[in-house]
Structure formats: structure tokens, C-alpha cells
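Numbering (our numbering), first residue to last: 8 to 228.
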């Protein structure tokens with residue numbers, strides 16, 4: 008900043024200080040004595056360019072910090088890449104729906120449509136890639152609510168996974184959209200999934216209520 012600019016800033020500071028004490032007597036008198044710089048094309052460019060650069064910098068920083076409003080709220084979805092393997096299942100199950108007193112009030116139709124092996128999925132609107140040696144096992148589901156009121160379903164509660172013939176090691180899906188909101192008399196498609204080793208064999212699903220009997224489904228990719 009030049010000497011003239013420094014002098015102008017100091018003078019304005021003095022005026023503001025005096026205005027706070029006696030705005031009519033001192034401030035107005037000192038303001039009349041200030042010589043503001045004459046603006047010509049060169050001066051305007053000198054002051055305008057830094058202001059424009061600052062505004063551009065602020066805009067860039069805000070764009071980098073503010074989340075993209077177009078990002079979806081879906082917790083898990085498929086990516087635009089094709090699955091490495093798919094097996095069609097179309098297995099239907101019915102599970103009781105109970106009220107807060109434990110009384111059965113209806114049935115939940117729970118269909119396992121198919122299972123996929125994928126290297127990439129969409130999690131919270133962003134692409135997720137499995138690390139080397141790992142792969143995503145995705146199970147596509149269809150849930151039907153025949154009641155005249157909406158439901159919130161924890162779809163992962165009905166699925167457990169075993170690999171390599173270790174039937175006592177039950178893995179719960181940790182990739183999901185739960186709680187899945189199913190409106191009254193409607194059908195909802197959703198997914199659950201888990202990351203497994205690419206070398207895992209004998210992959211099986213255990214389907215059933217947490218405290219109920221389970222049915223085994225072997226996945227043949």
C-alpha cells in the first residue's frame with residue numbers, strides 16, 4: 008500500500024474515532040478536509056481487479072466446502088458398472104408382523120430376487136470400490152406390505168451369511184438402507200450387502216427371523 012493510501016486510512020480511522028465522541032462537531036469538520044483520490048480508468052482498474060479476484064476466490068472456496076445438493080440420500084445402490092457375477096433366486100418368505108404387545112397383525116412378504124458380486128457400489132451417493140482381494144456381495148430384495156399403514160423394516164435382520172463352509176460363523180449385512188420405509192399396501196425394492204474375500208467359496212444365505220428357524224440358500228455364481 009502506498010504512503011497516500013496509508014495516510015487516507017489513518018485519517019479515516021481518526022474520523023471514525025472522533026465521530027463516536029462528537030459526530031456533529033468534529034467528525035463532519037474532519038470529513039470536509041479529507042482529500043479522496045481522484046478515480047480515473049487506471050485507478051478504477053487498480054482497485055477493481057483485487058476485489059474481483061477476492062470474490063472469485065471466495066466463490067471457489069465455498070463451492071469446495073458446501074456439499075453437492077444433487078448427491079442422493081440412498082445409502083446403498085448399484086454402480087453403473089456391470090456385476091462380475093449374478094445368480095437369480097426369486098425365493099419368497101413370509102414373516103409375521105407384530106404390534107407393540109407382540110400380537111401378530113399381518114404378514115411381511117420378503118423376496119430375495121438375486122445376488123450379485125460387484126467390485127463397485129454406490130454408498131451415500133458416492134462410488135465405493137472394494138480393496139484388493141475383497142468384493143461386495145449384494146443381495147437384491149423386494150418387500151411387500153399388505154397392511155393399510157406404513158412400516159419401517161430392518162431388512163438386514165432376516166439375512167445372515169456364511170462362507171467357506173463355516174456354518175457357525177454368521178455374518179450380518181453391514182451395507183443396507185435400513186430402516187426401509189414401506190408405505191401402506193405397497194412394494195419396496197432394496198438391497199443389503201457385505202464385503203467378502205474374492206477367494207471365499209461355499210457362500211450361503213441363512214434366511215429367517217432372528218429368533219426363528221432359518222432356511223439355507225446356496226449361492227452358485
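Every residue, glycine too, gets a C-beta built ideally from N, C-alpha and C.
It should be emphasised that the depicted structure is a prediction, and the values quoted were computed from it without experimental measurement.
Worksheet item: Going by DSSP, which residues form a beta bridge with residue 193?
Response: The bridge partners DSSP lists for residue 193 are 152.
Worksheet item: With DSSP run on the structure shown, which of helix, strand or coil describes residue 32?
Response: Caution is warranted here: a pLDDT of 46 is assigned to residue 32, below 50, making its placement in the model unreliable, and the coordinate value is therefore given only provisionally. Of the three classes helix, strand and coil, the one that applies to residue 32 here is helix, per DSSP.
Fill in: Residue span of the beta strand (DSSP E) that contains residue 113, given as start and end
Segment 111-125, the beta strand (DSSP E) holding residue 113.
Fill in: Helix, strand or coil at residue 58 according to DSSP, with G and I counted as helix
Looking at residue 58 - three-state DSSP - the assignment turns out to be helix.
Item to complete: Go ahead and label residue 143 buried or exposed: buried means 16 or more other beta carbons lie within 10 angstroms of its beta carbon, across all protein chains shown.
Response: buried
Worksheet item: Any chance the segment 104-124 sits against the segment 147-162, with 3 or more Cβ pairs inside 8 Å?
Response: yes
Worksheet item: Do the segment 109-118 and the segment 133-142 meet, that is, are 3 or more Cβ pairs less than 8 Å apart?
Response: no
Item to complete: Measuring alpha carbon to alpha carbon, tell me which of 177, 183 and 173 ends up nearest residue 215.
Response: Comparing Cα positions, the closest option is 177.
Worksheet item: Which of the three DSSP states, helix, strand or coil, is assigned to residue 217?
Response: coil
Worksheet item: What is the residue span of the beta strand (DSSP E) that residue 103 lies within?
Response: 92-105
Practice prompt. Give me the Cα-Cα distance between residue 91 and residue 56, rounded to the nearest whole angstrom.
Written response: 54 Å
Discussion item. Is the beta carbon of residue 135 closer than 8 Å to that of residue 226?
Written reply: no
Item to complete: Decide if residue 186 is buried, meaning its Cβ has at least 16 other Cβ atoms within 10 Å, or exposed.
Response: That one is exposed.
Practice prompt. Might you give, ordered along the chain, the residues of its own chain that have their beta carbon closer than 6 Å to the beta carbon of residue 211, omitting 5 neighbours on each side?
Written response: 169, 223 and 225
Worksheet item: residue 88: which of 116, 188 and 126 sits nearest, CA to CA?
Response: 126
Practice prompt. Using beta-carbon positions only, say whether residue 182 and residue 166 come within less than 8 Å of one another.
Written response: For the pair residue 182 and residue 166, the CB atoms are not nearer than the 8 Å cut-off.
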